[in-house]
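Residue numbers (the working numbering), protein chains in the order written: chain G, 149 to 616; chain S, 4 to 207.
Glycine is no exception: its CB is placed at the ideal position from the N, C-alpha and C atoms.
Remember, predicted model here, so these are calculated numbers, not experimental data.
Following: one structure in structure tokens, then a few remarks.
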Amino acid sequence: MTAPRTLFQKVWDNHIVIDSDPTLLYVDLHLVHEVTSPQAFAGLNQSGRTVRRPDLTVATVDHGIPTTGRSLGIRDPLSKKQIDALVQNCKDHDITMFGLDDPRQGIVHVVGPEQGLTQPGLVVVCGDSHTSTHGAFGALAFGIGTTEVEHVLATQTIWQAKPRSMAVEVEGELPWGVAAKDLILGIIAQIGVSGGTRHVIEYRGQAIHDLSMEQRMTICNMSIEGGARAGMIAPDETTIRYIEGRPFAPKGARWDEAVSAWESLVTDPDAVFDKVAVVDASRLVPHVSWGVNPAQTVPVTGAVPSPDAYDDPQQRDAAVRALEYMALRPGTPIFDIAVDHVFLGSCTNGRIEDLRAAARVVDGRKVDSHVSAVVVPGSMQVKAQAESEGLHEVFEAAGFSWRDAGCSSCLAMNPDVIPAGERCASTSNRNYEGRQGRGARTHLVSPAMAAAAAIAGHFVDVREWEGS
Amino acid sequence: MKPVTAITGTMMPLDRGDVDTDQIIPQQFLKRIERDGYGEFLFYNWAHTDDGAPSSDFILNDPARRGARVLVTGPNFGCGSSREHAPWALQQWGFEAVITASAADIFRNNSSYVGLLVVELPQDAVTRLIDLATDPTAEVSIDLESQTVTADGLEEHFDFNPTAKERLLTGLDGIGVTMGHDDLISSHEEARPSWLPTTVEVSS
Numbered sequence: 149m150t151a152p153r154t155l156f157q158k159v160w161d162n163h164i165v166i167d168s169d170p171t172l173l174y175v176d177l178h179l180v181h182e183v184t185s186p187q188a189f190a191g192l193n194q195s196g197r198t199v200r201r202p203d204l205t206v207a208t209v210d211h212g213i214p215t216t217g218r219s220l221g222i223r224d225p226l227s228k229k230q231i232d233a234l235v236q237n238c239k240d241h242d243i244t245m246f247g248l249d250d251p252r253q254g255i256v257h258v259v260g261p262e263q264g265l266t267q268p269g270l271v272v273v274c275g276d277s278h279t280s281t282h283g284a285f286g287a288l289a290f291g292i293g294t295t296e297v298e299h300v301l302a303t304q305t306i307w308q309a310k311p312r313s314m315a316v317e318v319e320g321e322l323p324w325g326v327a328a329k330d331l332i333l334g335i336i337a338q339i340g341v342s343g344g345t346r347h348v349i350e351y352r353g354q355a356i357h358d359l360s361m362e363q364r365m366t367i368c369n370m371s372i373e374g375g376a377r378a379g380m381i382a383p384d385e386t387t388i389r390y391i392e393g394r395p396f397a398p399k400g401a402r403w404d405e406a407v408s409a410w411e412s413l414v415t416d417p418d419a420v421f422d423k424v425a426v427v428d429a430s431r432l433v434p435h436v437s438w439g440v441n442p443a444q445t446v447p448v449t450g451a452v453p454s455p456d457a458y459d460d461p462q463q464r465d466a467a468v469r470a471l472e473y474m475a476l477r478p479g480t481p482i483f484d485i486a487v488d489h490v491f492l493g494s495c496t497n498g499r500i501e502d503l504r505a506a507a508r509v510v511d512g513r514k515v516d517s518h519v520s521a522v523v524v525p526g527s528m529q530v531k532a533q534a535e536s537e538g539l540h541e542v543f544e545a546a547g548f549s550w551r552d553a554g555c556s557s558c559l560a561m562n563p564d565v566i567p568a569g570e571r572c573a574s575t576s577n578r579n580y581e582g583r584q585g586r587g588a589r590t591h592l593v594s595p596a597m598a599a600a601a602a603i604a605g606h607f608v609d610v611r612e613w614e615g616s
Numbered sequence: 004m005k006p007v008t009a010i011t012g013t014m015m016p017l018d019r020g021d022v023d024t025d026q027i028i029p030q031q032f033l034k035r036i037e038r039d040g041y042g043e044f045l046f047y048n049w050a051h052t053d054d055g056a057p058s059s060d061f062i063l064n065d066p067a068r069r070g071a072r073v074l075v076t077g078p079n080f081g082c083g084s085s086r087e088h089a090p091w092a093l094q095q096w097g098f099e100a101v102i103t104a105s106a107a108d109i110f111r112n113n114s115s116y117v118g119l120l121v122v123e124l125p126q127d128a129v130t131r132l133i134d135l136a137t138d139p140t141a142e143v144s145i146d147l148e149s150q151t152v153t154a155d156g157l158e159e160h161f162d163f164n165p166t167a168k169e170r171l172l173t174g175l176d177g178i179g180v181t182m183g184h185d186d187l188i189s190s191h192e193e194a195r196p197s198w199l200p201t202t203v204e205v206s207s
């Protein structure tokens, strides 16, 4: 009889090529984008190597592309060169690419799942830290650097020191009006930005089971913001229903084989985790970040904290610096913080359910005259779906700008840069200094909260609006 | 990659925690397709004023620190984005090592592939080094073979992944080493279930 194993352990074991420390793991799916791959392809070409498994590799463009006026081409010469390099590299190495004109183009972490490429039990890697998103399907998915991208291209394997296992047990039910984004911000506030370092998190409990796939992706996406190597959720009926019928999902007899394999991908009852955190979902409320890392958040009903609230001197200093960067004074009610920009999108919250949640809040209302608000769907497929539901009309009637898909203002590598000194309510994942543009001030929130802030011109408790 | 064995040099203290890779090298410098030329953009937003002039109060711009080889900094260094441009920028500015109480996972991995030595020491040892480093001429020595850090009045052992150590000491090309195991990769490959996805377009 084998010892009880965690979900993570099972997926790990299934991919061992060489059982040593570190372990050589086989990679089932390698996602590629334009920013972290050119040097990897250049290295491959210089050493005369080839891509071992182009049929397990897929590319798209997302980080540097404009979200308006694409027919005019890419004006930024550096971004253009980077995107052209990816097009050429994919052509040279026979890699499937969802390019700028492809109706499947989008953020790599939105595209993989929606095309049915992301499946339970896979090892998925990408030169991007938010690869953790794919763990929502019970895959082991993690971000890698450019040297590792080259290694995976050449060998379809990766050396990994084995992470430890961590359970985040989410007890209770998520209250009405509280989003998956609020749950993951609450988890990060509890465990801290390095609470998951050297660990793979498995999110567990009824509240997790009750989440849709889009919501689970929001949770796993931000695992890296808690420092974790990856985040995972065991596949269940919700997962299987989501995958079935998608373009790259198994069909016919293969589908039945796949589903029966996926059913074993659960943590055994007696398996032991190296670390456990327990979170009470029933006490959660909508969160707003006030500082410059994703653990620096407060309930929307709260106020900007004082650095004196921190016992640890390093945390206190960090809070002082954060308040200075964010131009906030301790004690300021979150409701009193006015916003200049609202960004709805990203690999965290750029999926159809996110846009629906925001549209429900926006419907029949107008964006505050001082606010510039944009919606950037996570993929062109999400955009098409939203348009078929008429969501674009809701947003445009309210005064939102309706864009093409990409990473956009989440990291401001394209023209969607938030100007210095201006404040943005953002559904993205990082409120780091300069993340949305040098001097830009980011407040992380859920899609519904961002939508409400766009209408009101300042943060409000969206639960009061949705109740009305 | 050049082999890394032992480093002796002066230190630069950066006494703050949770320094993310967006700070180490901001996104506007990630658009290039080359591997070099990132040194001048290290900590760009902290090192420059809004009009692009060097910020005189940021330690990186202190002429007495220009020769620093070891960055001594707070915990959770290199968190956030997976950009390998972060270790590239540190290295290309002139750093050969980073000493911290803890490094973020992806940053630690990336550094081990490019020859930037990331040493994790207990916080009290890091604090003592940061104190020592107020003197810009104070030196620290890191010996990878024996996994030891020495400085005035301090000698600390550090843990290090044995494979990363081997790679750094020899400077060997990791891909070449892995390709030497082609038989094992192929046999794993042949045993994979046939229902697993491929990215090849199938016309329906």
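- Using a Cβ-Cβ distance cut-off of 8 angstroms, the stretch 123-134 of chain S and the stretch 151-164 of chain S are in contact, since at least three pairs of beta carbons, one from each stretch, lie closer than that value.
- Judged by their CB atoms, R469 of chain G and N48 of chain S are not nearer to each other than the 8 angstroms cut-off.
- According to the DSSP secondary-structure assignment, M15 of chain S is paired through a beta bridge with S:L74.
- Counting of Cβ neighbours within 10 angstroms places T266 of chain G among the buried residues, the total reaching 16 or more.
- With contact defined as three or more Cβ pairs closer than 8 angstroms, the stretch 541-560 of chain G and the stretch 437-448 of chain G are not in contact.
- By the criterion of a C-beta distance shorter than 7 angstroms, V341 of chain G is surrounded in its chain by E373, G374, G375, N441, P442, A443, once the five residues flanking it on both sides are discounted.
- Contact with chain S is absent for A600 of chain G, since none of that chain's Cβ atoms lies less than 8 angstroms from the residue's Cβ.
- The distance from the Cβ of F61 of chain S to that of V22 of chain S is about 13 angstroms, inconsistent with a contact at the 8 angstroms cut-off.
- Distance from the CA of T11 of chain S to the CA of H278 of chain G, rounded to the nearest whole angstrom, comes to 36 angstroms.
- Ranking G:R578, G:A600, G:A598, G:V610 by CA distance to the CA of D25 of chain S puts G:R578 first.
- In the assembly as shown, E37 of chain S is an exposed residue. Its beta-carbon has fewer than 16 other beta-carbons within 10 Å.
- Among the CB atoms of chain S, none fall inside 8 angstroms of the CB of M370 of chain G.
- Under the three-state reduction of DSSP, R469 of chain G is assigned to helix.
- In the DSSP assignment, L120 of chain S falls outside any alpha helix (DSSP H) and lies within the beta strand (DSSP E) extending over 120-123.
- Linking E411 of chain G to P268 of chain G through their CA atoms gives a straight-line distance of about 9 angstroms.
- Any Cβ of chain G closer than 8 angstroms to the Cβ of M15 of chain S would place that residue at the interface, and such an atom is absent.
- In this structure, L120 of chain S and L147 of chain S form a Cβ contact; the two beta carbons are roughly 6 angstroms apart against a cut-off of 8 angstroms.
- Note that the C-beta distance between F607 of chain G and V436 of chain G is below 8 angstroms.
- By the criterion of a C-beta distance shorter than 8 angstroms, S430 of chain G is surrounded in its chain by E319, G320, E321, L322, P323, once the five residues flanking it on both sides are discounted.
- Judged by DSSP secondary structure, D146 of chain S falls within the beta strand (DSSP E) whose first and last residues are 142-146.
- With respect to V152 of chain S, F161 of chain S sits close: the two C-beta atoms are nearer than 8 angstroms.
- DSSP, read as helix, strand or coil, puts A600 of chain G in helix.
- Taking 8 angstroms as the cut-off, the Cβ atoms of A507 of chain G and S527 of chain G do not count as close.
- Using a C-beta cut-off of 8 angstroms, the stretch 470-481 of chain G makes no contact with the stretch 491-502 of chain G, since fewer than three inter-stretch Cβ pairs fall below that distance.
- Where V159 of chain G is concerned, there is no enclosing beta strand (DSSP E), although the alpha helix (DSSP H) around it starts and stops at 155-162.
- Excluding residues up to 5 positions away in sequence, W550 lie with their Cβ nearer than 8 angstroms to the Cβ of E544 of chain G in the same chain.
- Listed along chain S, the residues sitting closer than 7 angstroms to N441 of chain G by beta-carbon distance are D21.
- For the 8 angstroms CB-CB criterion, N369 of chain G and C495 of chain G form a contact.
- Taking the beta carbon of V117 of chain S as reference, the chain G residues within 8 angstroms of it are T295, listed in sequence order.
- Given a length threshold of 3 residues, each whole run of the beta strand (DSSP E) inside the stretch 409-453 of chain G is given here in chain order: 423-428, 435-437, 445-447.
- Of all residues in the stretch 68-82 of chain S, only G77, P78, N79, C82 place a beta-carbon less than 9 angstroms from a beta-carbon of chain G.
- E159 of chain S has S:V152 as its beta-bridge partners, per DSSP.
- Annotation: F46 of chain S to D465 of chain G spans about 19 angstroms, alpha carbon to alpha carbon.
- Residue contact with chain G for L33 of chain S: present (Cβ-Cβ distance below 8 angstroms to some residue of chain G).
- One finds I36 in chain S with Cβ atoms closer than 7 angstroms to the Cβ of K229 of chain G, taken in chain order.
- Of S:W96, S:Q31, S:K168, the smallest CA-CA separation from V122 of chain S is found for S:K168.
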